[in-house]
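There are 2 protein chains.
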Amino acid sequence: MPKADSTTREHLIATTRELLWDRGYAATSPRAILDRAGVGQGSMYHHFSGKQELATAAFTETTRDLLARSEAALAGGTTAVERLQAYLAVPREVLRGCPVGRMAGDPEVMAAEPLLHLVDDVFAQMRARFVAIAEEGIAAGELPRELRADELADTVLAVVQGGYVLARAAGDPAPFDRAVAGATALLTLVGKDPS
Amino acid sequence: MPKADSTTREHLIATTRELLWDRGYAATSPRAILDRAGVGQGSMYHHFSGKQELATAAFTETTRDLLARSEAALAGGTTAVERLQAYLAVPREVLRGCPVGRMAGDPEVMAAEPLLHLVDDVFAQMRARFVAIAEEGIAAGELPRELRADELADTVLAVVQGGYVLARAAGDPAPFDRAVAGATALLTLVGKDPS
DNA sequence: GTCTATACCAGGATAGAC
DNA sequence: GTCTATCCTGGTATAGAC
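Those protein sequences? They're chains A and B, same order as listed.
Numbering follows numbering that gives the first Met the number 0, in which position 71 of the first sequence is assigned residue number 70; successive positions increment by one, without gaps.
Numbering follows numbering that gives the first Met the number 0, in which position 160 of the second sequence is assigned residue number 159; successive positions increment by one, without gaps.
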């Protein structure tokens, strides 16, 4: 496999990643990808079987990157509360939406097994990570025993995903920022006074 | 305007409401609406200028209903914490998604001014309601003064909207339920001990 | 008012030349 | 490997009969 091969292929993937993020899956047409990438149809159908396979390759990279950056953020604190707050505080392109969460609402994604699985998998991995952190916090007495680790994990995930929804609806990142700030404050309050 | 007029019109609207909820706007074709409603193209284009106008009429009814039911839930408690928790506890068809929030992710909705405005407006009204409730709670000493009412309002909204996203990604309502339960627990904890 | 027939454009995939 | 031409399908809207 020559080097030139990989170059066009990677270019198509990079272009597709951008479009998937901005428009979702259903609204990203092969034509739009090819126009933006500056190549003809032949290139795409040479490297991939079609739209779905290209999108899957592109989205696989996107999920890898996102998980890596989340992991980096979680490493940024020492206590459980600090680490969850560090995740909430990650800088995000709010109005562009979450590159992963956006896919969950796309009806065509629901019908495309490999894509659906990737979305599911990202959230499952983040959830597992957050559950472990919350459990440590509860065990260490940093967080009240009244909280359940699995519930808190999904609450944190949901605040971020829901914040994106609210921001997009308003055309303004402010609702996202407020939602995150509110969750951060709640964590600080319950962390301050473990019973 | 004769009665028969209104009947077909309302039938089209009701059918469209169902499809918008299940598939979103972009994925709801006039053909699908007409097939399900059992009428021809002529009926639709007689009563409405096209897909967008029909969808706007249908979605207007959807937002009215949703706001009414939210309002009913908020009336269900006495304290601020109880009222926000009552909203979180409203029974929802989780896997079907939020009929309003789902629209926020639809690229075609972003381009359809009247629809976008309706989505924005629903969240704005709910936010205003929640802010008022949270302010009362803080003023009454039920909620700690460290919390900001506007932030808490969006956090509650975001938990619900994000819960839908997580549930759809997983194909399972459990993440929604956990997210809501976690938020409910946090509210109880901060409400128990106002500083 | 409602129907069917038609028109037009775009999405997605294939064929075959270079 | 990549390009262009072509094909088929379905979304959306219009025309005109009943």
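Glycine included, every Cβ here is placed at the ideal spot set by N, Cα and C.
Keep in mind that this is a model prediction, so the values were computed, not measured.
- At least one CB atom of chain A sits nearer than 8 Å to the CB of G23(B).
- A71(A) and A85(A) have their C-alpha atoms spaced approximately 10 Å apart.
- Residue environment: G39(B) is assigned as exposed (fewer than 16 neighbouring CB atoms within 10 Å of its CB, all protein chains considered).
- For D171(A), the three-state secondary structure derived from DSSP is coil.
- In this structure, DSSP gives G96(A) a state outside helix and strand, which the three-state scheme calls coil.
- Within the same chain, T7 come within 6 Å of S42(B) by CB-CB distance, once the 5 residues on both sides are set aside.
- In the three-state reduction of the DSSP assignment, A133(B) falls in the helix class.
- Per DSSP, the continuous alpha helix (DSSP H) segment holding G41(A) begins and ends at Q40 to H46.
- At least one C-beta of chain A is nearer than 8 Å to the C-beta of A182(B).
- Using a CB distance below 7 Å, the part of the segment 112-144 of chain B facing chain A consists of V118, D119, F122 and P143, ordered along the chain.
- Taken in chain order, the whole alpha helix (DSSP H) runs of length 4 or more contained in the segment 1-26 of chain B are 2-22.
- For A79(B), not one C-beta of chain A is nearer than 8 Å to its own C-beta.
- Membership of E145(A) in any alpha helix (DSSP H) is not indicated, and neither H nor E is assigned to it by DSSP.
- The beta carbon of G75(A) does not come within 8 Å of any beta carbon belonging to chain B, so the residue lies off that interface.
- A straight line joining the alpha-carbon of R91(A) with that of A36(B) spans about 43 Å.
- A straight line joining the alpha-carbon of A67(A) with that of A88(A) spans about 16 Å.
- Taking W20(A) as the centre and dropping the five residues before and after it, the same chain places the C-beta of T61, R95, G96, P98 and R101 closer than 8 Å to its C-beta, in chain order.
- Contact note: E150(B) reaches chain A through R177, A180, G181 and A184, using a C-beta cutoff of 7 Å and chain order.
- Residue environment for E112(B): exposed (fewer than 16 other C-beta atoms within 10 angstroms of its C-beta).
- Listed in chain order, the non-local C-beta contacts of Q51(B) below 8 Å within the same chain comprise A111, P113 and L114, local neighbours out to five positions each way being set aside.
- Here D171(A) has no same chain residue with a Cβ atom under 6 Å from its own Cβ, once five neighbours each way along the sequence are excluded.
- Put simply, of V93(B), E134(B), V179(B) and M125(B) the residue whose alpha carbon is nearest the alpha carbon of A166(B) is V93(B).
- Taking 9 Å as the cut-off between beta carbons, the residues of the segment 87-99 of chain A near chain B are G96, C97 and V99, in sequence order.
- It is roughly 9 Å from the alpha-carbon of G23(A) to the alpha-carbon of V108(A).
- Between V164(A) and V179(A), the C-beta spacing is not below 8 Å.
- Contact of R82(B) with chain A by beta-carbon distance below 7 Å is absent, the smallest such distance being about 16 Å.
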